[in-house]
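Counted the way full-length UniProt numbering counts, the sequence shown spans residues 1 to 638. Just so you know, even glycine gets a beta-carbon here, dropped at the ideal spot from N, CA and C. Computed from a predicted structure; not experimentally measured. Inspection log for the structure reproduced underneath, given as structure tokens.
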Amino acid sequence: MFENRTLPFVPPKPLAPVALEVDLTNDPQRLSSESIIAITVGLISIIIGMVGLLLAAAILGRTGQTGLKDALLSKPTKRTTAMSYAPLHSSIEAEPLNADAHLEHRDDHTGRPRSRLNVDHDDSEAQFRSSNTPYYFAGPRLHTAISVAAGTVMCLFGYEQGVFGGIMVGRPFLTFFQDPSLPVLGFVTSVYDLGCFFGAILSSFVGEKLGRRWMLLLSTVIMTVGIVIQTVSQDLNWLVWGRFVAGIGNGGNTATAPVWHVECSKSEEKGRAVVKEMTVNVGGFVASNVITLVFSGATGDAQWRFPLGIQLLFSVVILSMIWVLPESPRWLLMRQRDAEAKVVLKALCDSDAEVQDEFHTIKESVRLEQATKASWKQVFAGGQATRRMSLGVLLQMAQQLSGINVLCYYLPLVLQRSVGLPELTARVISTVNAFCFMSATWFSILVIERVGRRPLLMASAACMSVAFLGIAISVGIGQGNPTSRLVPGIVATVFMFLYFTAFSFGWITVPWLYPAEINSLAMRSKGAALATASDWLFNYIVVQTTPIGIHHLGWGLYLIYAVFNASFVPFVYYYIVETAGKSLEEIDRWFASHPGWRVDKVKEVAAREGWNSDNDEEDRERMLKTDDFDLASDDEED
Numbered sequence: 001m002f003e004n005r006t007l008p009f010v011p012p013k014p015l016a017p018v019a020l021e022v023d024l025t026n027d028p029q030r031l032s033s034e035s036i037i038a039i040t041v042g043l044i045s046i047i048i049g050m051v052g053l054l055l056a057a058a059i060l061g062r063t064g065q066t067g068l069k070d071a072l073l074s075k076p077t078k079r080t081t082a083m084s085y086a087p088l089h090s091s092i093e094a095e096p097l098n099a100d101a102h103l104e105h106r107d108d109h110t111g112r113p114r115s116r117l118n119v120d121h122d123d124s125e126a127q128f129r130s131s132n133t134p135y136y137f138a139g140p141r142l143h144t145a146i147s148v149a150a151g152t153v154m155c156l157f158g159y160e161q162g163v164f165g166g167i168m169v170g171r172p173f174l175t176f177f178q179d180p181s182l183p184v185l186g187f188v189t190s191v192y193d194l195g196c197f198f199g200a201i202l203s204s205f206v207g208e209k210l211g212r213r214w215m216l217l218l219s220t221v222i223m224t225v226g227i228v229i230q231t232v233s234q235d236l237n238w239l240v241w242g243r244f245v246a247g248i249g250n251g252g253n254t255a256t257a258p259v260w261h262v263e264c265s266k267s268e269e270k271g272r273a274v275v276k277e278m279t280v281n282v283g284g285f286v287a288s289n290v291i292t293l294v295f296s297g298a299t300g301d302a303q304w305r306f307p308l309g310i311q312l313l314f315s316v317v318i319l320s321m322i323w324v325l326p327e328s329p330r331w332l333l334m335r336q337r338d339a340e341a342k343v344v345l346k347a348l349c350d351s352d353a354e355v356q357d358e359f360h361t362i363k364e365s366v367r368l369e370q371a372t373k374a375s376w377k378q379v380f381a382g383g384q385a386t387r388r389m390s391l392g393v394l395l396q397m398a399q400q401l402s403g404i405n406v407l408c409y410y411l412p413l414v415l416q417r418s419v420g421l422p423e424l425t426a427r428v429i430s431t432v433n434a435f436c437f438m439s440a441t442w443f444s445i446l447v448i449e450r451v452g453r454r455p456l457l458m459a460s461a462a463c464m465s466v467a468f469l470g471i472a473i474s475v476g477i478g479q480g481n482p483t484s485r486l487v488p489g490i491v492a493t494v495f496m497f498l499y500f501t502a503f504s505f506g507w508i509t510v511p512w513l514y515p516a517e518i519n520s521l522a523m524r525s526k527g528a529a530l531a532t533a534s535d536w537l538f539n540y541i542v543v544q545t546t547p548i549g550i551h552h553l554g555w556g557l558y559l560i561y562a563v564f565n566a567s568f569v570p571f572v573y574y575y576i577v578e579t580a581g582k583s584l585e586e587i588d589r590w591f592a593s594h595p596g597w598r599v600d601k602v603k604e605v606a607a608r609e610g611w612n613s614d615n616d617e618e619d620r621e622r623m624l625k626t627d628d629f630d631l632a633s634d635d636e637e638d
């Protein structure tokens, strides 16, 4: 499939040779004093950047918050839906909650701890509290287990993204594959993104029928097959197919895990749930860099086979956990599996009243959405379904156009070619930056629900634009004075640290969370799949064009991304709907009662069209007439 030759496409000016091997024992003095200064200043800038982002987000915070203290320290309150639901034709009635249900109980025969689902109550609850539940804990422990499982999925995603860049620079890898050309290595790297794109599209067709759990299990099995093929590869053909297959599995995982996690989370915890996922995603990226660095001194095939094969440990954890964790209660109710959904809700909720409230709320939402079939025609019909789908897709696209993978994939190359740092210095700074990146992402857990999605996105985009502008100016000055690049290099490095800090506050998490929140239940799998596919498609475009852009455009490449980030501020302000603190059903109701695309115009349009958001019964009837539900006459299949 591949030969050791240059591909037909060759840039007009060939790229300067890129070192493909790192010798950590050679010339330790290369980590110079100016590099240490750059790292120190970068760490200080991280702290300054966090404070600045918090102040900006507090200023842009939701109405009713009076200051920074309220925005950051007040506990998020759960908003209960204002809609009064009519009694549903269901055999499930309100059940009293046993006062001892929260206590741990043990089986009389085995002595093993039992879930509170297994506690004996009256006969009417026997079918829901049987000992045949597929999981052995409930309440906060079950939420934690779901978070760990979804987080492991995203951690494997982060590890797979970073591992190949670390192994392909080693001499054992290059020797085994007969020194492939740089364009060939670029294709082997990016074919993974193409696999992710197709995997995300596939999940939109398969995931809604199989369910969230089975889609995750299937995707993990596919990814495991790809990992095994990569690990035992005997030539580049094997390696390419292994990365492509692993990408298909990862695309399905990344399109499904946030949806499953959000649908099993409480409304006030949705944002934190996905923030935790993306934090461990960055942790996986850091782990891949550390492991490949440790094995960089190994001789023989172990230098690259072990870092690839260690991914199988992630697969074992995912398959073991998801197998015994519950399905999404919203998906179960959509499939008319009410008894199973009630079992899951009893495990997830803290009280019987909360179980009943969640059950009836979701059931009503399902009833409204199943008034019609969710077809692909509805996605492109131009109504509210199209609007909701488009918001998720555009946010994922914007995440890639923010330039994150210009620096994530190529930060050592950028530091060498644009800033002028030595190779080892560039690698050390990249590693330090990765740890700072992960730390800043953890910090965003504190603010995403208190401050809201819109303020974080706007503040982050503005700071990222300033950071790229600073990088462009510094690189331009340094390239204009090759003999005096120390100060411009340090300044550019500081702005890169600031960029990653700003990105970690809003744009690493919200674009992955938003499609799972914003789409209606019937369209959620399709919406998340399209949004994820958009992310991977533009990821591939950015990764493929960055080396050529660095060579031909120089500092102008960073100026382009500064403009992109600046344009995201008005986009978020005018079109992105705030979802913090709202249940998924409240979001459905908001869209049904607020026509139009621009957020700042929805009240004006609602008044002109005669909408009355204070009348729940009228709103409910209007839901059935909106574009989200007005396809009852369609006979098309999904």
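Ranked by Cα distance from P307, the first of E263, A287 and R524 is A287. Check the Cα spacing between L293 and each of T431, N281 and G186: the tightest is with T431. If you look at M389, you'll find it in the alpha helix (DSSP H) that goes Q384 to L401. In this structure, the straight-line span from the alpha carbon of A533 to that of V282 is close to 20 Å. Boundaries of the alpha helix (DSSP H) around G247: L236 to E263. Under the three-state reduction of DSSP output, A298 falls in the coil class, being neither helix nor strand. Here T425 is actually not in contact with M278; their C-beta atoms are around 28 Å apart, not less than 8 Å. For T144, the uninterrupted alpha helix (DSSP H) segment begins and ends at P140 to I167. Residue range P329 to M334 is occupied by the alpha helix (DSSP H) that includes W331.
For F177, the three-state secondary structure derived from DSSP is coil. Cα atoms of F173 and G242: separation of roughly 16 Å, rounded to the nearest angstrom.
Collapsing the DSSP output to three states places E364 in a helix. Excluding residues up to 5 positions away in sequence, L185 lie with their Cβ nearer than 6 Å to the Cβ of M168 in the same chain. Counting other Cβ atoms within 10 Å of its Cβ, Y574 stays below 16 and is therefore classed as exposed. In this structure Q230 is buried. Its beta-carbon is surrounded by 16 or more other beta-carbon atoms within 10 angstroms. Annotation for L313: the continuous alpha helix (DSSP H) segment containing it runs Q311 to I322. The C-beta separation of V569 from R454 comes to about 10 Å, leaving the pair out of contact by the 8 Å criterion.
Counting along the chain, M223 sits inside the alpha helix (DSSP H) bounded by residues R212 to T231. Around the beta carbon of R272, 16 or more other beta carbons sit within 10 angstroms, so the residue counts as buried. Nearest to G581 by alpha-carbon distance, out of V262, F157, V153 and S147, is V262. Contact annotation: I362 and L325 have beta-carbon atoms that are not nearer than 8 Å. By the neighbour-count criterion, in which a residue is buried when 16 or more other Cβ atoms sit within 10 angstroms of its Cβ, S204 is buried. Taking 8 Å as the cut-off, the Cβ atoms of G489 and G478 count as close. The beta carbon of N539 is closer than 8 Å to those of D193, C196, Q400 and N405 in its chain, skipping five residues each way along the sequence. Listed in chain order, the non-local C-beta contacts of A434 below 8 Å within the same chain comprise V282, F285, V286 and N289, local neighbours out to five positions each way being set aside. Rounded to whole angstroms, the separation of the alpha carbons of S265 and G211 is 17 Å. The beta carbons of L142 and L313 sit no closer together than 8 Å. Straight-line measurement puts the Cα of P329 at about 7 Å from the Cα of L345. Going by DSSP, V572 is part of the alpha helix (DSSP H) stretching over W555 to Y575.
Contact annotation: R367 and N519 have beta-carbon atoms that are not nearer than 8 Å. A check of alpha carbon separations from M397 across W555, I146, L218 and Y514 identifies Y514 as the nearest. A302 sits exposed, since fewer than 16 C-beta atoms from the chains shown fall within 10 Å of its C-beta. In the DSSP annotation of this structure, the continuous segment of the alpha helix (DSSP H) that includes M496 starts and ends at L486 to F505. For the options L469, V259 and L239, the alpha carbon positioned closest to that of A566 is the one of L469. Classified as exposed, H552 has fewer than 16 neighbouring CB atoms from the shown chains inside 10 Å of its CB.
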